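Below: one structure, written as structure tokens.
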Amino acid sequence: NAGVTQTPKFRILKIGQSMTLQCAQDMNHNYMYWYRQDPGMGLKLIYYSVGAGITDKGEVPNGYNVSRSTTEDFPLRLELAAPSQTSVYFCASKPGESFTDTQYFGPGTRLTVL
Amino acid sequence: KQEVTQIPAALSVPEGENLVLNCSFTDSAIYNLQWFRQDPGKGLTSLLLIQSSQREQTSGRLNASLDKSSGRSTLYIAASQPGDSATYLCAVFDSGAGSYQLTFGKGTKLSVIP
Chain S
4 NAGVTQTPKF
14 RILKIGQSMT
24 LQCAQDMNHN
34 YMYWYRQDPG
44 MGLKLIYYSV
54 GAGITDKGEV
64 PNGYNVSRST
74 TEDFPLRLEL
84 AAPSQTSVYF
94 CASKPGESFT
104 DTQYFGPGTR
114 LTVL
Chain V
10 KQEVTQIPAA
20 LSVPEGENLV
30 LNCSFTDSAI
40 YNLQWFRQDP
50 GKGLTSLLLI
60 QSSQREQTSG
70 RLNASLDKSS
80 GRSTLYIAAS
90 QPGDSATYLC
100 AVFDSGAGSY
110 QLTFGKGTKL
120 SVIP
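Going down the list, the sequences are from chains S and V. Oh and the first sequence: position 25 is 28 in our numbering, straight run, nothing missing. Oh and the second sequence: position 18 is 27 in our numbering, straight run, nothing missing.
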């Protein structure tokens, strides 16, 4: 299993540009998450999904959109990029709603908005 | 709103020393507490998950304890090795924000000196 994969690894955007961060998992997990991590800070939840077709906002959703058309994929869309969105973005997944399940993380996408 | 604090922010120890990392949280109504390891430029790896009904979990040289009533957890690393150098993140899983989610601390950066 590849686990959780994210593309691209690095990206530089200009202010006002848009892009999609890709996330895929091959573990047949129902739950998927997007986090951002600013320097010296903990991770903050942007959006999450409990299954195909179901998404919900986390703590910091403004400026982002998500969709979940399949179990495997959970892309994160940035519209009108702003310098405040410079961060490292992590995708994660877990099997289901059990409180004994841990989350599996991808390697991250480092985004810089200039 | 749940807040997670980790002390110290950074720690440097000589190889072979035993050490303790601390984590505190403000709302004791949690479902579980997790410790993650983050290596530079990489994603998070789950180390230990303690359910709310448990007091501790052990994996190899790692032991994590949970005192839910006082809002504290510790991660004990025995006989530290240079390979243990990484950032250690504590996170609690609760529903205080209206959805089931992890709230992360800022992490403790550990350096083990050979």
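From the three backbone atoms N, C-alpha and C, an ideal C-beta is built for every residue, glycine too. This one's a predicted model, so the numbers in the text were calculated from it and none came from an experiment.
Identity of the residue in the options nearest residue i by Cα
i             : options                : result
L2 (chain S)  : S:T103, S:G66, S:P86   : Residue 2 (chain S) is absent from the model: chain S starts at 4 and stops at 117.
E3 (chain S)  : V:Q110, V:G25, V:L53   : Absent from the model: residue 3 (chain S). The displayed extent of chain S is 4 to 117, so no value can be given.
T35 (chain V) : V:T117, V:A100, V:G116 : V:A100
Q63 (chain V) : V:Q90, V:T54, V:Q43    : V:Q43
Y38 (chain S) : S:S87, S:F102, S:F93   : S:F93
Beta-bridge partners of residue i, as assigned by DSSP
i             : result
I59 (chain V) : V:L42
Y67 (chain S) : S:L81
S90 (chain S) : S:L114
Q66 (chain V) : V:A73
Cβ of residue i within 8 Å of any chain S Cβ
i             : result
V13 (chain V) : yes
G69 (chain V) : no
F34 (chain V) : no
K51 (chain V) : yes
Pairwise C-alpha distance: residue j and residue i
i              : j              : result
A38 (chain V)  : F108 (chain S) : 25 Å
Y71 (chain S)  : P123 (chain V) : For the record, residue 71 (chain S) in the displayed sequence is Arg; it is not Tyr. Distance between the alpha carbons of R71 (chain S) and P123 (chain V): 47 Å.
P98 (chain S)  : K47 (chain S)  : 20 Å
M35 (chain S)  : Q11 (chain V)  : 21 Å
T105 (chain S) : N31 (chain S)  : 14 Å
N124 (chain V) : K51 (chain V)  : Since the first residue shown for chain V is 10 and the last is 123, residue 124 (chain V) is missing from the structure and cannot be characterised.
Short CB-CB distance (under 8 Å) between residue i and chain V
i              : result
Q106 (chain S) : yes
T10 (chain S)  : no
L46 (chain S)  : yes
P86 (chain S)  : no
F102 (chain S) : yes
F13 (chain S)  : no
F77 (chain S)  : no
N-terminal and C-terminal residue of the beta strand (DSSP E) that residue i is part of
i            : result
T8 (chain S) : 7-10
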